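In my numbering, the protein residues as written are 12 to 875.
For every residue, glycine included, the Cβ atom is placed at its ideal position computed from N, Cα and C.
Just so it is clear, the structure is predicted and the values come from calculations on it, not from any experiment.
Take a look at the structure below.
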């Protein structure tokens with residue numbers, strides 16, 4: 012229904028013409044599709060219908076109008092309504108939507124047509140009382156109340172299709188198009204230029220934290236230029252190459268933070284960086300590491316076209332090949348924050364490296380240090396003289412060819428240092444010794460016990476991860492002023508020094524490559540501390556060709572970057588192809604071939620030919636051997652001891668790195684139970700075999716894997732790396748590495764067993780063993796070891812103090828923890844409690860998800 016002119020007059024009398032025009036008409040008009048047949052759309056609508064007093068006024072006004080104008084002629088009514096509608100004018104309706112304007116036109120048109128209609132057809136309001144007792148039932152032809160009429164009219168108008176004018180439709184189309192363009196622009200800006208802050212797209216808080224935590228006030232010019240490159244803003248791949256210590260890592264960190272904070276994307280930080288640029292990776296001892304990174308990058312490029320790859324490297328001879336492989340832009344700069352001076356020492360003479368000279372060297376100075384005859388025999392290379400020129404006021408790194416040489420040189424230097432070195436930061440060095448002892452559960456390396464008081468330490472893979480961390484932090488803070496180290500310290504570990512000394516141009520028995528040399532000497536010079544950095548390469552006269560080779564080492568052009576996929580008879584390439592098939596990355600054979608062709612860009616021709624010639628002898632990793640071992644294990648699996656399971660998860664790749672002491676092997680073998688000895692014989696290592704090896708007899712097949720299994724078995728029983736490493740005459744660093752590798756390999760074997768139904772018995776057994784190997788502590792300490800910052804020694808303290816579960820830790824008072832646990836600071840206690848609470852919440856959330864999933868009705872529930 013529509014509002015008749017009479018109804019409009021009533022509303023105008025009650026509310027006034029202006030209020031009616033602005034409020035009532037505006038609320039009467041709705042667009043199509045905004046109502047529901049099953050509910051009252053206007054129940055919560057803020058209008059005159061929601062106010063009972065207003066409705067009462069409407070009824071009173073209607074009654075008065077009916078009493079006054081029952082006999083009034085229709086013509087007068089029409090004239091009155093016309094005057095009211097004409098008086099509304101066009102100006103108040105300019106701001107109304109098109110649907111409401113259409114409604115006003117229809118109202119006026121209805122008013123005009125009403126003059127021609129029969130007035131007898133129009134029913135009059137009827138509200139009578141029966142005997143004064145109450146309202147009568149409305150007759151069939153009687154009118155409804157104004158409130159009912161108004162409400163029914165509003166519902167009708169909302170349901171009726173509204174004809175919108177062409178002009179209004181064009182306006183709405185323009186607005187809609189503008190909205191779509193704006194949304195696309197916002198998405199483009201969000202994807203390409205996530206500029207959420209003034210610090211290279213990052214909030215200012217990031218800049219403040221960098222200054223507060225790392226002392227970085229501003230970036231170098233090259234860093235700002237690199238971060239503002241078009242390819243970086245457009246999220247294209249980038250390779251930037253600069254000399255070591257040029258500040259490459261900071262650029263990568265800023266880009267990672269921008270992805271995490273602005274784009275809410277995940278990032279993968281792959282270390283060490285040097286594995287991308289070494290030909291055979293002698294520096295890391297295993298070319299397969301470079302192959303793994305190559306495979307990762309190749310698969311990421313091929314699977315995800317939107318993933319951005321940022322590569323850092325030193326200067327390369329074939330950077331264009333690497334660009335082609337990564338489909339990346341290149342940025343190169345020769346910036347170094349501190350000037351580097353390179354020297355070479357021969358006898359007691361030091362020469363400065365100068366490529367402009369004909370022989371590449373020019374005389375610099377003679378060493379001025381008095382050596383006794385005894386010192387000359389012990390230190391023929393004058394290492395003591397070179398290090399005492401800079402320490403303890405400045406820091407020094409001394410690279411040695413072997414791990415044993417690192418320890419011997421550090422001990423040798425300490426014998427001839429003055430007592431003044433002992434008093435330099437003596438208290439802090441005492442704290443370091445206590446921390447080293449605590450990290451070893453009361454054990455302390457005898458070499459470190461002697462060298463640390465003098466401000467020196469050695470650094471190589473023989474240290475445990477806790478010891479390495481403590482030594483690196485002490486060196487960075489200046490507590491230690493000299494580190495004797497192997498080449499691994501140069502690979503990605505940011506420990507600069509005032510002077511870098513290379514004891515020999517060899518790594519083990521291999522002559523240094525130029526890239527390795529540059530990586531080492533690049534550690535010289537600390538930005539913001541030193542004005543100059545020095546490197547000294549020591550040459551021995553016994554090698555006649557040493558000078559010529561050294562000239563090539565320090566002055567030759569940079570080496571090229573080649574692939575490691577063909578390392579070890581092409582295992583990397585085979586592993587890549589098999590992973591593509593196994594992960595169903597490229598189901599099509601043509602795609603597989605195209606992928607291999609794209610990867611072959613970085614493979615040298617001679618390596619490719621050699622690989623195909625020797626393809627018959629390719630070892631498909633250890634999958635076949637593992638399958639045979641697991642199948643044989645099912646026949647006679649030993650369940651009353653962990654030894655059999657430990658043997659099955661002992662890593663194959665560490666076997667060649669172990670040289671068993673066969674007398675120790677025999678003694679440990681005799682301590683096994685009868686069942687364990689039978690198990691050993693079943694895998695091919697009977698007691699007679701070990702006895703013959705211990706007696707020095709030659710045996711065709713050497714079974715080293717059982718020796719490593721005994722090491723892991725002892726760790727599970729004793730959980731002390733120090734005592735186990737001493738018992739088996741292995742370095743504690745190697746034992747810790749073995750434990751970590753076994754834990755990872757155990758997880759791999761578990762997944763392997765899950766894929767093959769025949770190995771179902773191993774699933775539950777290996778799941779628990781993986782957990783045991785991950786923490787390598789007694790079962791009751793495992794829940795405590797899950798908390799961040801809690802190692803074995805701390806877990807034992809907590810357990811002894813009564814904190815035996817994760818719930819105990821989460822509800823602990825940090826102050827009470829500091830009181831109950833020795834040498835526990837308040838900051839550490841707060842971190843432990845916070846970590847425990849987070850773990851408890853995560854486990855509770857996981858359990859809640861399981862409950863919700865259990866209670867949820869199944870989606871495929873049959874319907875009746």
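By alpha-carbon distance to residue 509, the top candidate from 398, 518, 441 and 829 is 398. Leaving aside the five residues that flank residue 525 on each side, the residues in its chain whose CB is nearer than 7 angstroms to its CB run, in chain order, 564, 567, 569 and 570. Taking 8 angstroms as the cut-off, the beta carbon of residue 827 is found no closer than this to the beta carbon of residue 848. Under the DSSP definition of a beta bridge, residue 323 partners with 251.
Under the three-pair Cβ rule at 8 angstroms, the region 487-496 counts as touching the region 391-409. Residue 800 has its alpha-carbon roughly 24 angstroms from the corresponding atom of residue 757. The residues 451, 452, 454 and 743, in chain order, have a CB closer than 8 angstroms to that of residue 733 in the same chain once the five nearest residues on each side in sequence are set aside. Residue 752 counts as buried, since no fewer than 16 other beta carbons sit within 10 angstroms of its beta carbon.
Burial is judged here by how many other beta carbons sit within 10 angstroms of a residue's own beta carbon; residue 277 has fewer than 16 and is exposed. The DSSP-derived three-state label of residue 762 is helix. Here the alpha carbons of residue 241 and residue 316 stand approximately 18 angstroms from one another. The C-beta of residue 781 has 16 or more other C-beta atoms within 10 Å across all chains shown, which makes the residue buried. In the structure shown, residue 341 falls within a strand segment according to DSSP collapsed to helix, strand and coil.
For residue 382, no alpha helix (DSSP H) segment is defined, and its DSSP state is neither H nor E. Residue 819: member of the alpha helix (DSSP H) spanning 817-821, first to last residue. Residue environment: residue 764 is assigned as buried (16 or more neighbouring CB atoms within 10 Å of its CB, all protein chains considered). Taken through DSSP and simplified to helix, strand or coil, residue 496 comes out as strand. In this structure, residue 676 places its C-beta atom within 8 angstroms of the C-beta atom of residue 701. Around the Cβ of residue 771, a 10 Å sphere holds fewer than 16 other Cβ atoms; the residue is exposed. At least 8 angstroms separates the beta-carbon of residue 665 from that of residue 644. The Cβ atoms of residue 433 and residue 469 do not sit closer than 8 angstroms to each other. As far as DSSP is concerned, residue 446 takes part in no beta bridge. Where residue 510 is concerned, the enclosing beta strand (DSSP E) starts and stops at 510-513. In the three-state reduction of the DSSP assignment, residue 467 falls in the strand class, which pools E and B. Going by DSSP, residue 851 is part of the alpha helix (DSSP H) stretching over 837-866. Apart from the 5 residues on each side of it in sequence, residue 790 sits with its Cβ closer than 8 angstroms to the Cβ of 783 in its chain, given in chain order. Around the CB of residue 269, 16 or more other CB atoms lie within 10 Å, so the residue is classed as buried. The continuous alpha helix (DSSP H) containing residue 781 extends over residues 772-786. With a 10 Å radius around the Cβ and a threshold of 16 neighbouring Cβ atoms, residue 741 comes out buried. DSSP places residue 522 in the strand class (E or B) of the three-state scheme. The Cβ neighbour count for residue 366, taken over all protein chains shown within 10 Å, is under 16; the residue is labelled exposed. The beta carbons of residue 785 and residue 754 sit about 5 angstroms from each other, so the pair counts as a contact at 8 angstroms.
Here residue 443 is near residue 463, since their CB atoms are less than 8 angstroms apart. Per the coordinates, the alpha-carbon of residue 577 lies some 6 angstroms from the alpha-carbon of residue 584.
With respect to the C-alpha of residue 501, the residue from 587, 549, 823 and 325 having the closest C-alpha is 325. In the three-state scheme derived from DSSP, where H, G and I count as helix and E and B as strand, residue 534 is classed as coil.
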